[in-house]
Amino acid sequence: MKKIKIISLTVLLVSALFFSIAQNAEEIITKHQNAHGGAEKWESFQTMKISGKFTGFSIEKDFICIKARPAYYYSEYYLGKYPITESFNGVSGWILDYWQDIDFPRHTNKAENNALRQKSEFCTPFFNYKELGSSVELMGKENVDGVDVYVLKLSRADGFIETWFLNAETYLEYKCESPWVDFAYPVKSEVYFDDFRRFQGVVLPYYIERSFGSRNRIIEIDEIEFNVNFDEGKTQMPRSPEMEKLAFLEGKWAVNVETMSRRGNWYAVDSTNSKIAFSSTNLLEEKISYERMFPMVNSNNYSYNSNTKKYRLAVYHEFMSGLELFEGDFKDGKLVFDNCHISYGNEAEISQAFIQYTFSKITSESFILEIKGSTDKGITWTDQEKFTYTRIVD
Amino acid sequence: MKISLITTLLIVLFLILPRPLIWAQHDDLHSWTQFRGNERNGISAERDLLDIWPEQGPELIWKKEIGTSFSELLISDKRVYTITGEKVDSARGYEYAIAFDAATGNKIWKTKIDSIFIDIDGWGDGARSTPAINDDHMYCLSGFGKLKALSLIDGKEIWQVDLVIDFGIPVPRWGFSTSPLIMEDVLILELGGKDENAFGAFNPQDGKLLWKVANGQPSYCSPIIANIDGQEQMIFANDNTLFSFNSKGESLWTYSMPIRRPTATPVFIEPNKIFVSAVSATGCFIIEIKENKALETMNNSSMQNHWSSSCYHNGYIYGFNVAALQCISALDGNKKWTKRGYGKGSLIMADDKLIVLSDKGKMVLVEASPEAFVELSSFQALNGKSWTAPSFSNGKVYLRNLTQMACYQLK
Numbered sequence: 000m001k002k003i004k005i006i007s008l009t010v011l012l013v014s015a016l017f018f019s020i021a022q023n024a025e026e027i028i029t030k031h032q033n034a035h036g037g038a039e040k041w042e043s044f045q046t047m048k049i050s051g052k053f054t055g056f057s058i059e060k061d062f063i064c065i066k067a068r069p070a071y072y073y074s075e076y077y078l079g080k081y082p083i084t085e086s087f088n089g090v091s092g093w094i095l096d097y098w099q100d101i102d103f104p105r106h107t108n109k110a111e112n113n114a115l116r117q118k119s120e121f122c123t124p125f126f127n128y129k130e131l132g133s134s135v136e137l138m139g140k141e142n143v144d145g146v147d148v149y150v151l152k153l154s155r156a157d158g159f160i161e162t163w164f165l166n167a168e169t170y171l172e173y174k175c176e177s178p179w180v181d182f183a184y185p186v187k188s189e190v191y192f193d194d195f196r197r198f199q200g201v202v203l204p205y206y207i208e209r210s211f212g213s214r215n216r217i218i219e220i221d222e223i224e225f226n227v228n229f230d231e232g233k234t235q236m237p238r239s240p241e242m243e244k245l246a247f248l249e250g251k252w253a254v255n256v257e258t259m260s261r262r263g264n265w266y267a268v269d270s271t272n273s274k275i276a277f278s279s280t281n282l283l284e285e286k287i288s289y290e291r292m293f294p295m296v297n298s299n300n301y302s303y304n305s306n307t308k309k310y311r312l313a314v315y316h317e318f319m320s321g322l323e324l325f326e327g328d329f330k331d332g333k334l335v336f337d338n339c340h341i342s343y344g345n346e347a348e349i350s351q352a353f354i355q356y357t358f359s360k361i362t363s364e365s366f367i368l369e370i371k372g373s374t375d376k377g378i379t380w381t382d383q384e385k386f387t388y389t390r391i392v393d
Numbered sequence: 000m001k002i003s004l005i006t007t008l009l010i011v012l013f014l015i016l017p018r019p020l021i022w023a024q025h026d027d028l029h030s031w032t033q034f035r036g037n038e039r040n041g042i043s044a045e046r047d048l049l050d051i052w053p054e055q056g057p058e059l060i061w062k063k064e065i066g067t068s069f070s071e072l073l074i075s076d077k078r079v080y081t082i083t084g085e086k087v088d089s090a091r092g093y094e095y096a097i098a099f100d101a102a103t104g105n106k107i108w109k110t111k112i113d114s115i116f117i118d119i120d121g122w123g124d125g126a127r128s129t130p131a132i133n134d135d136h137m138y139c140l141s142g143f144g145k146l147k148a149l150s151l152i153d154g155k156e157i158w159q160v161d162l163v164i165d166f167g168i169p170v171p172r173w174g175f176s177t178s179p180l181i182m183e184d185v186l187i188l189e190l191g192g193k194d195e196n197a198f199g200a201f202n203p204q205d206g207k208l209l210w211k212v213a214n215g216q217p218s219y220c221s222p223i224i225a226n227i228d229g230q231e232q233m234i235f236a237n238d239n240t241l242f243s244f245n246s247k248g249e250s251l252w253t254y255s256m257p258i259r260r261p262t263a264t265p266v267f268i269e270p271n272k273i274f275v276s277a278v279s280a281t282g283c284f285i286i287e288i289k290e291n292k293a294l295e296t297m298n299n300s301s302m303q304n305h306w307s308s309s310c311y312h313n314g315y316i317y318g319f320n321v322a323a324l325q326c327i328s329a330l331d332g333n334k335k336w337t338k339r340g341y342g343k344g345s346l347i348m349a350d351d352k353l354i355v356l357s358d359k360g361k362m363v364l365v366e367a368s369p370e371a372f373v374e375l376s377s378f379q380a381l382n383g384k385s386w387t388a389p390s391f392s393n394g395k396v397y398l399r400n401l402t403q404m405a406c407y408q409l410k
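The listed protein sequences correspond, in order, to chains P and R. Be aware that the first sequence starts at 0, since it is given in numbering that gives the first Met the number 0, and climbs by one per residue. Be aware that the second sequence starts at 0, since it is given in numbering that gives the first Met the number 0, and climbs by one per residue.
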């Protein structure tokens, strides 16, 4: 009986301590929200535009970003010598970053999306963390760099964890340790907040300094505007100018398939459908099935190689389990690919069947793909197949 | 002839007093003859600096446009020496050794030493290395690895060695960056190669190779000199090894470091300790050398120097923990204070004060005290990215970045 009493008392004490800490975390967050001007005031803002200076690699240049609820983000700035554009729609994002030797916009990875989500927040994550499925735990009170701080552990719904250090006197954020990203690699970062100012009834840090590894990035805010217009189109990933030229291929198509007879006449062998779509910023994919004596299933992948400054077409023939690579470009209004100069790094594997793909008579509603063969490495070409694509309007 | 007792004593004193480590100094107290100063520790022995600068900054002696390079400014015999770079177009140009009048900043001579090193990442073009000077010569290393000796009088070339051609060393991604060192009449350089090509010594008079030792790779770190147990030695940090050699190239000791590839120079803590730091989980460590054996006495993540080297003063290390100016204890590595806002700046010391140059050209005077961070004065001295540490001589601080150089009176 005595044991039961001791156990019950212990459970009660632990529970009381737990609820006391939970309550303290709630209290601290409420005071934190109030120190920033209050949750109600922040909720009145639907968009937020920040203009200022961004310093990376010790070079200070202009910076702008626009945030919109629930979690949109668009930003343009310079990191050293290169401009960066990045955008996020609350779920996925894209970035144009020449530092990575990719000169077209690309989708962001999970680590980058996590960083973009942090950037998309108007203030700290403590204003709507419950709605987003995050939880907060008070870890205690510490002294960091001579500043007494409350330490809060924020666990996001997707598993990312951040540690926030709130000034115990002002309840404003002093420091945050959060997962970040460095040229697409996940890293740990420390961010420091300073120069808090009141503007339109809310309080914000006008100096934000982030360190990760040997990197140091500083945002110094010049101007904040609330409830400005936000163009959601900015979150749509643009294509590179080169891939934009291939946009004529995108769509659903009715395709007439013809082959060349021994007498030199085209004759129809099948009618089929095809769908060509961007599966990524630098990849147009087509899967087409048709019959030419046997059922054929081809996967065609179109992309642009910025090193060779040429388009690439990779054709996978399901029936023959064969893969062919072609390189080409626009010439005289036609898009022409061939495999005459493709090297696989092994002379023995070089195809002896030289093939040419020519897209011609390109309009918004139709185009023709002609496939030709050569036995003299492209000096002369012989017609083989012709595919006439006509757009299907839903 | 009778020699008086006083004369005898004076002769004896002259003979037994410690000789300067470097025979470069014309005036040891009032010169800055190699990377991080005469003792390669970033500290000037001058005293009585102004505690507080006027609001608009200390007196400007001169400010001049200068070409692109990261080399520090060297000061000796009323002259300023450095390397600069001039581009003729976006991809071409030249690196020059150059001498200025210290009083006016006016050019005295200028000698072409190599094609300009173009940085592919855009950090900045031109030379990375700081020359060393002695009584007669200036020894410069270009970004592409040409080591040249020039006459201090007129800049005339005396000899040259090409690290790429003569030693087969590949040009590092960010160019040859190590700064030559003069010790006991020997010019010493990190060569950065394999096959006993890690470190080399040259006759300063004719450039003849005296010895080369060890295997390594080109780093962005420069050697220091130390006198431990009466033994003059040069200390190199290369990859993950700390090396010590005497001026004959004989290995005194090595130490396998808990960090890799530091860029900031090691710091000698008299009488027998070495501090090394890099951006890494370990951050920094101190070893104590006894009878040519190294024993680690401190290991802490509290200080992570990137390229900017730290200074030691009265038991404490002052330096940039990546982008935060910081003071830590040399005993246990515990952080005493930290101050942000200077970016990836640089610092030197004089008169118990830190002279800090922020990475955007703001010069700051800070008390060198572990008690608290105290900024005494500050003002915007240069414009733009400033990654080169200040130099100090004769009461004046000499600053440079990729476009400007300036001299301010601090005494």
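Glycine residues also receive a C-beta, built at the ideal position from the N, C-alpha and C atoms.
What glutamate 59 of chain P touches in chain R, judged by beta-carbon distance under 8 Å, is Lys359, going in chain order. Taking a 10 Å sphere around the C-beta of arginine 262 of chain P, we find fewer than 16 other C-beta atoms and assign the residue as exposed.
In the DSSP assignment, aspartate 181 of chain P forms a beta bridge with P/Tyr184. If you ignore the 5 residues before and after tryptophan 179 of chain P, its C-beta comes within less than 6 Å of the C-beta of Ala114, Val186, Ser188, Phe211, all in its own chain and listed in chain order.
Chain order gives the chain P residues near tryptophan 122 of chain R as Phe56, where near means a beta carbon separation below 7 Å. Per DSSP, reduced to three states, the secondary structure at serine 250 of chain R is strand.
Shown in chain order are the members of the stretch 309 to 329 of chain R whose Cβ falls below 7 Å from a Cβ of chain P: Val321, Ala322.
For a Cβ distance threshold of 7 Å, nothing in chain P lies close to threonine 387 of chain R: the least Cβ distance comes to about 12 Å. Histidine 31 of chain P sits close to tyrosine 170 of chain P, with the two beta carbons spaced by under 9 Å.
In this structure, glutamine 379 of chain R lies near lysine 361 of chain R, with their beta-carbon atoms less than 9 Å apart.
Counting other Cβ atoms within 10 Å of its Cβ, isoleucine 378 of chain P stays below 16 and is therefore classed as exposed. Cβ neighbours of serine 357 of chain R within its own chain (closer than 6 Å, five residues either side excluded): Tyr341, Gly342, Gly344.
For arginine 116 of chain P, no beta strand (DSSP E) run applies; the uninterrupted alpha helix (DSSP H) run containing it begins and ends at 109 to 119, by DSSP. Interface flag for glutamate 208 of chain P against chain R is set, since a Cβ pair is found closer than 9 Å. DSSP places phenylalanine 62 of chain P in no alpha helix (DSSP H) but in the uninterrupted beta strand (DSSP E) bounded by 58 to 67. The continuous alpha helix (DSSP H) containing methionine 242 of chain P extends over residues 240 to 243. Here threonine 110 of chain R is near leucine 149 of chain R, since their CB atoms are less than 9 Å apart.
The beta carbon of alanine 352 of chain P sits closer than 7 Å to the beta carbons of Gly372 from its chain, once the five residues preceding and following it are set aside; these are given in chain order. As summarised for the stretch 259 to 308 of chain P, the continuous beta strand (DSSP E) elements at least 3 residues long and confined to that stretch are 265 to 279, 282 to 291, 293 to 304, given in chain order. For the pair valine 254 of chain P and phenylalanine 358 of chain P, the Cα-to-Cα distance works out to about 14 Å.
For serine 177 of chain P, no CB of chain R lies under 9 Å from its own CB, so it is not counted at the interface with that chain. Of the other Cβ atoms in all chains shown, fewer than 16 fall within 10 Å of the Cβ of histidine 340 of chain P; this residue is therefore exposed.
Threonine 362 of chain P is not a Cβ neighbour of phenylalanine 103 of chain P, given a cutoff of 9 Å. Taking alanine 213 of chain R as reference, the option from R/Gly206, R/Leu190, R/Gln230, R/Asp205 with the minimal CA-CA separation is R/Leu190.
Scanning the stretch 131 to 185 of chain R from its first residue to its last, the whole beta strand (DSSP E) runs of 3-plus residues come out as 136 to 140, 145 to 150, 156 to 161, 180 to 182. Going by beta carbons, valine 314 of chain P and methionine 47 of chain P fall outside the 9 Å limit. Classified as buried, valine 278 of chain R has 16 or more neighbouring CB atoms from the shown chains inside 10 Å of its CB.
With a cut-off of 8 Å on Cβ pairs, the stretch 316 to 335 of chain R is not in contact with the stretch 374 to 388 of chain R, counting fewer than three such pairs. Excluding sequence positions up to five before and after proline 257 of chain R, its CB lies within less than 7 Å of the CB of Thr281, Phe284, Asn298, all in the same chain and listed in chain order. Chain R has no Cβ within less than 9 Å of the Cβ of arginine 196 of chain P. In summary, valine 148 of chain P is buried, with 16 or more beta-carbon neighbours lying within 10 Å of its beta-carbon over all protein chains present. Close to chain R, meaning a Cβ-Cβ distance shorter than 9 Å, is no residue of the stretch 63 to 78 of chain P at all. Shown here, aspartate 27 of chain R sits in a helix according to DSSP, grouped into three states. Distances from the alpha-carbon of aspartate 124 of chain R to those of R/Ser309, R/Trp386, R/Pro57 put R/Trp386 closest. Taken through DSSP and simplified to helix, strand or coil, proline 237 of chain P comes out as coil. At least one CB of chain P lies nearer than 9 Å to the CB of lysine 343 of chain R.
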